[in-house]
Structures are given as structure tokens and as C-alpha cells.
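Reading through the C-alpha cells given below for one structure.
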Amino acid sequence: MTTTVARQDRRTQPPVLPVKGGAKDRWIRRAPLLPALIFAIVVTQVPFLYTLYLSTLSWNALRPGDKPFVGLDNYVTVLSDTRLRSALVNTVVLTAGAVVFSMILGLMLALLLDRKFLGRGIVRTMLITPFLVMPIAAALLWKHAIFNPTYGLINGFFGGSTDWVSSYPKGAVIATMVWQWTPFMMLILLAGLQSQSNDVIEAARVDGANAWQIFRRMTLPHLRQYLELGALLGSIYLVNTFDAIFTITQGGPGTATTNLPYEIYLTMFRKFEYGEASAAGVVVVILTIIVATFALRVISGLFKLEENR
Amino acid sequence: MTAVSLPAAETRPVAENKRKSSTRHNTIWGVVAWVAGIVFVFPVIWMVLTSFKQENAAATNPPTWFFAPTLAQYGQVFDRNITPFLLNSLMASVFSTLLVVLLATPAAYALSLRPVAKWSDSLFFFISTKMMPVVAAFLPVYLLVKHLGMLDNIWTMVLLYTSMNLPLAVWMMRSFLLEVPREVLEAGEVDGAGLIMSIRKIILPIVSPGLAATALICFIFSWNEFFLALNLTATNASTAPIFLVGFISSEGAFLARLCAAATLLSLPVLIAGWVAQNKLVRGLSMGAVK
């Protein structure tokens, strides 16, 4: 495995030269990009504009007839709706919980795998396996084979008759997500560890630094960018969590685990409030833009370094 | 792999002692790593074990460890007609992966080797579409698909999976294309090699492992996708994850059957992932980590 960060590759930096040539040359350069760009715009941006329009209508699909224009009424409904607010809080708690725990576990496992020991390849293969299980299969497996109060593995091993899913709904969902996403964090952090220069660490050791000092002063700062990247990508994927909620808790009990994707799904396909669902969708996009602006700054920082080297 | 270079041989006795104690340390930590690995993989092992049990041995407390293995549950899964679901999944995944690669590779070329003027803007546009939650723009897609009479149609899934994986593929392919040495490309141009020639002789040999990795990741994501399949397909175009959900019944035991189906459906991705584990991290980080 090549384990270097892209930015360390000096010879492969893209040219920052201004593009020369006339209009024709510019279009020739653009031509290969256009199909993908147009496809992405048509499939992702156009529907969003249409969502904006739908969000101004009072439209329940169960109610036949007209769909009157109601301006920003749906937004008022959505923003004053306690369900949506709790869905927002749940999304943050579930995403942050899963990212933080999988990151900590992933770091510990990466540190273990960075050492040499017998069967390291096998252990690595075992550790990435949870990530490769189909997410819906993983959710079903945890719900029925692990959390089940009568025949689940946890109660089977440790006794007791706790109904894990209804007693700790958020914990149950987070545990499942952490199990699936720890390998992802581990792989990113392991790549980071292996790109660390061995000579410098050896030198520090010879100079009398102990293991904790080396980790704290050298490894952790080196890993920072990898931790950031893992948190960022993990959040992008986990904020969209739908499978686990749909399967394990159906958003319940009550609304304890209803996150934004699940709430919008309910508004759309259970209540058939298309106008409200659209408004909620727009609110989510605005929130995402705010979060993503920070996120893009992180990526952009990684990116700039790549260019400057 | 970056060579984990062994420290140069030292003759000082202090260093020697340290080396010995560090070997012992490594053994201890190796055991810890093995335990962690087994803990992590255990639910999967349990899933596979359960899939070979009879229903009455699957849902027991305490857990059943010893049992006469049976293929009955796998038989059940095929009796329930899993084949059309598998074919749908295969079709959606394969065709969308092909389409993604066809769209993303030229785009990545125009963002790396022969960059357009605002290449970084385009690159960030692609990734920003990945950040938008799927549900946020799902309603209009649903309405449009319904309006066009394309609900429950596998080609709808092909198109949507293509757009889902496109940003990832563009970023990945760009990172692989950047590995093509510019000097070689320029030398080729000086020698009069045309575009087709340089693609065939220089670019393709270097990026083909990357191309394979990109295709693999896109395949995995399409194969596993659940939300869109749940809401846009019914009887004709349902994919494998939908089959799995249909297995849950409130009455009667279903755990062993469920595990058999889950094992079967996870198997293609498990094998692909094990084989390509060295490329996995790069793909998932969109090429940021090599």
C-alpha cells in the first residue's frame, strides 16, 4: 500500500499556469468535463430549484384539487414545529456520537495495527470486515441478533433481559454505526501513521523521549489532518443515516431517534405533506451549506497545501 | 507500503535492551490487536454461523454454539425468489458504474492533466453535491419520476446511482490521473503522439488500477443503496436490500433465514473489499489519502 498523502507528491502537482489559447482551445479543454458537469447539474441542482418552488405550495397529496400558493407559510410551520427541531438535535447527537466514538476506536486500532506482529494482515482484514457488510444487513443483524431482549447476543453473553433498543435507542443506533464506521476511520488514520517518518521517531527515542511523549508531541500533531479528514468524510456519510434508523428504531420510541432524513421521509410518505416536506428539505440544505462551508474550508486547506508543495 | 525501515543496527548495549523489551511489547500488543479484531468481526461470524442453523437453534438464550449445520435456510432464501432482486441489483450497480466511469474519467482529465480555467471550482462543485442530504432534493425527483412513468424502473435507479457516485469518482480519478508523470506526457507530445496515442500508451497503463478501484467503490455504494430503492421501486425493480427488509415478519422465527440472506447479499462486497483492501482507503477518502 502506498501510504503518502497526496500533497506530499511533489512531481504530480497540477500546473497553475494560466490557460493559453483562444476560445476554441478553451472549449476543447472543457469538452471532456461538460458531460459530467451537465449531468450533475441536471440531476442534483434542477430538482433542488423545483423543491424551492414546491415549498411555497400548500400541497397534501391525499387532498385532491388545487395546491394554493402560500408563500412562506410552510417555513413558518416547519420552523415552529417541535418535531423538526428535535430531529435536528437528534441528527447532531447521532452524527457527532458516531463520528467521535468511531474516531477514538479507530485511532486505537490504527495504533495497534501500526506495530509489527504475527498475522497483522489477517487482523486488518478482520477489522475492515464490518465496513463491508451491507448497511441494511448490519442494522438488521444488530437489531435482531444482538440487541434482542430474549435471544440477542448481549443478553445471551451477560445475562439480564434488558431491551437494548427501547431502553437506549440512541445508544443502539450509535453502536451500530460505530461498529460499521470504525474501520473507515482506522484505515484513514493508519495511512496517516504509516506516512510518519520513522527516522525522526527513532531519533526522538534515542534522545530519551518516552512513548507517551512521542505520541503526544509528534504522532498526534502529524495525524491532525487525517483526523480532520476522517471527521469530515464520516460526517458527510453519517448525516444521511437512514437505513439504521428505519430498521432499528423507526425513529422511536416517540421521536427519540428521528433524524432529519427520517423525519422528512415521514412527512413525505406517511403524512403526504409535500409542501412541508419541501420546506424542511430547503431548511436542511441551508444548514448543510453552513456546515459544508466550514467543511470545505478544511478540504480547501488540504488542497492548498497540495498545490504549494 | 512505505517501508517500515528497521532501525539501523546499533551496537550500544542500552539500545539492545530496548529492542528486546520492544519485541516483548509488540507481542503483547499483537495479542491485544488479535482480540480487538475478533471482537469486531464477531457479529459477522455470528451472522454466518446462524445462517447454517435451523430456526429453532438460531433464536436461543444462551446462544447455541454447537449444532448440525444445514443449508435449509439458503434453500428458503432461493425459494422466496431472491433471483430477480439479485439481477436488479446487479444491473443497477453494473450499468451505473459503467456510466460513472465514462462520465468521470474525461471530467477528471479536464480537471487534472489538461485543466480547464476554473478547475478547482468545478471540483468543489462536484463534492458539494455529495454533501447535500439525499432527502432534501428527493421529493422533486420522486415527482418527476412518477410523472414520467418511470417509477419501479431499473433505469431510473441506474441514473440516480450514477449521480450519487459521480462526485466520488471524479475526485478519485483525478487523484489517480495526477500520478501520470507530466514529463513523460510532454515527451510523448514532442515526439508527436496524438491524444489517443498518449491515452493508450501512457495514461491508461498508469491509471488502470485506479480505474478498477474507482469502479469497485462505485459498485459497492450502488449495491448497498437502500433509501432510493425503498422509495422508487416496487415489484419490478426492487434491489437486494429491499429483499432483506421483506424478510422481517412479526410472527414466527426468521433469524436464521435473515442471516442466510444477509450473508448471501453481503458476500460480493465482502470479497471485493477483502481483495481490494489496499485501495479502499484511497477511494473512500476521495483520493485525499493514498
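Chain order of the listed sequences is U and W.
Sequential numbering from 1 applies to the first sequence in the working numbering.
Sequential numbering from 1 applies to the second sequence in the working numbering.
Don't be surprised by glycine CBs; every beta carbon is placed ideally from N, CA and C.
Computed from a predicted structure; not experimentally measured.
Residue interval of the alpha helix (DSSP H) (run including T366/W): Outside the shown range of chain W (1 to 290) lies residue 366/W, about which nothing can therefore be said.
Chain U contact for A276/W (CB, 7 Å cutoff): Taking CB atoms only, A276/W has no neighbour in chain U less than 7 Å away.
Chain-ordered neighbours of F52/W on chain U, where CB pairs are closer than 9 Å: Chain U residues near F52/W: none, gap ~14 Å exceeds 9 Å.
Any chain U beta carbon closer than 7 Å to G273/W: Among the residues facing chain U, G273/W is included, as its CB has a counterpart in that chain under 7 Å away.
Below-7 Å beta-carbon distance, Y168/U vs any chain W residue: The beta carbon of Y168/U does not come within 7 Å of any beta carbon belonging to chain W, so the residue lies off that interface.
Coarse secondary structure for P273/U, derived from DSSP in three states: It should be noted that the sequence gives Glu, not Pro, for residue 273/U. Strand at E273/U.
Chain U contacts from the stretch 101-117 of chain W (Cβ-Cβ distance under 9 Å): Residues passing the 9 Å Cβ filter: L102, L103, A104, T105, P106, A107, A108, Y109, A110, L111, S112, L113, R114, P115, V116, A117.
Where the stretch 187-200 of chain W meets chain U: residues whose CB sits under 9 Å from a CB there: So the list is empty, because no residue satisfies the distance condition.
DSSP-derived helix/strand/coil call for Q8/U: Here the model assigns Q8/U a pLDDT of 39, short of 50, so the residue's position is not dependable, and the following value carries that caveat. Looking at Q8/U - three-state DSSP - the assignment turns out to be helix.
Identity of the residues DSSP links to F69/U by a beta bridge: According to DSSP, which records beta bridges pairwise, F69/U is partnered with L57/U.
Close Cβ partners of V207/W (< 8 Å) along its chain, the five nearest in sequence each way excluded: Excluding sequence neighbours, V207/W sits near M173, F176, L177, E179, V180.
Within 7 Å, strictly: CB atoms of A260/W and Y109/W: No; because the gap between Cβ atoms is not below 7 Å, this pair is not in contact.
Residue-chain proximity (D81/U, chain W), Cβ-Cβ < 7 Å: Closer than 7 Å to the CB of D81/U there is not a single CB belonging to chain W.
Validate contact between the stretch 237-249 of chain W and the stretch 116-127 of chain W using beta carbons, cut 8 Å, 3 pairs: The answer is no - the stretch 116-127 of chain W does not touch the stretch 237-249 of chain W, with fewer than three Cβ pairs under 8 Å.
Own chain residues within Cβ distance below 6 Å of S112/W, not counting five before or after: Excluding sequence positions up to five before and after S112/W, its CB lies within less than 6 Å of the CB of R174, L177, L178, all in the same chain and listed in chain order.
Per-residue contacts from D66/U into chain W (C-beta, under 7 Å): By Cβ distance, chain W contributes nothing, its closest Cβ being about 16 Å from D66/U, past 7 Å.
Range of the contiguous alpha helix (DSSP H) that encloses I248/U: Segment: none, I248/U is in no alpha helix (DSSP H) and carries neither H nor E.
Counterpart residues of E141/W in DSSP-defined beta bridges: Note that residue 141/W corresponds to Val in the displayed sequence, not to Glu. Partner(s): none; V141/W has no beta bridge.
Status (buried if at least 16 other CB within 10 Å, exposed otherwise) for N81/W: Looking at its Cβ environment, which holds fewer than 16 other Cβ atoms inside 10 Å, N81/W is exposed.
Neighbour flag for M1/U against chain W, beta carbons, 7 Å: For M1/U, the pLDDT reaches just 36, beneath the cut-off of 50, and the residue's location in the model is therefore unreliable, leaving the point undetermined.
For E276/U and T129/U, believed in contact at Cβ under 8 Å, the rounded distance: Contact doesn't hold; Cβ gap of about 41 Å is too wide.
C-beta contact flag for I248/U and K143/U at 7 Å: In contact: I248/U and K143/U (Cβ atoms closer than 7 Å).
For K130/W and K279/W, the rounded distance between their alpha carbons: About 21 Å.
Three CB pairs or more closer than 8 Å across the stretch 191-198 of chain W and the stretch 225-234 of chain U: By the criterion of at least three beta-carbon pairs nearer than 8 Å, the stretch 191-198 of chain W is not in contact with the stretch 225-234 of chain U.
V289/W (DSSP reduced to helix, strand or coil): Secondary structure at V289/W: strand, using DSSP grouped into helix, strand and coil.
Nearest-angstrom Cβ-Cβ length linking F184/U and L284/W, presumed shorter than 8 Å: Their Cβ separation, rounded to whole angstroms, is 6 Å, which keeps F184/U and L284/W in contact under 8 Å.
Residue-level contact to chain U via CB, L270/W, 7 Å cutoff: Judged by the 7 Å Cβ criterion, L270/W is in contact with chain U.
Boundaries (first-last residue) of the alpha helix (DSSP H) holding G230/U: For G230/U, the enclosing alpha helix (DSSP H) stretches over residues 220-238.
Length of the line joining the Cα atoms of V4/W and L211/W: For V4/W, the predicted model reports a pLDDT of 44, less than 50, meaning its position is unreliable and no value from the coordinates is stated.
Euclidean distance between Cα positions of G254/U and Q194/U: Whole-angstrom Cα-Cα distance: 46 Å.
T182/U (DSSP reduced to helix, strand or coil): Looking at T182/U - three-state DSSP - the assignment turns out to be helix.
Proximity below 7 Å, CB of A229/W to CB of G281/U: It is not a contact, given that the beta carbons lie outside the stated cut-off.
Rounded straight-line distance, which links the Cα of L71/W to that of V100/U: When only Cα atoms are considered, V100/U and L71/W end up about 40 Å apart.
Alpha-carbon spacing of P47/U relative to T288/U, whole angstroms: One C-alpha to the other measures close to 17 Å.
Whole-angstrom distance between F138/W and D114/U, CA atom to CA atom: A direct Cα-Cα distance of roughly 42 Å separates D114/U from F138/W.
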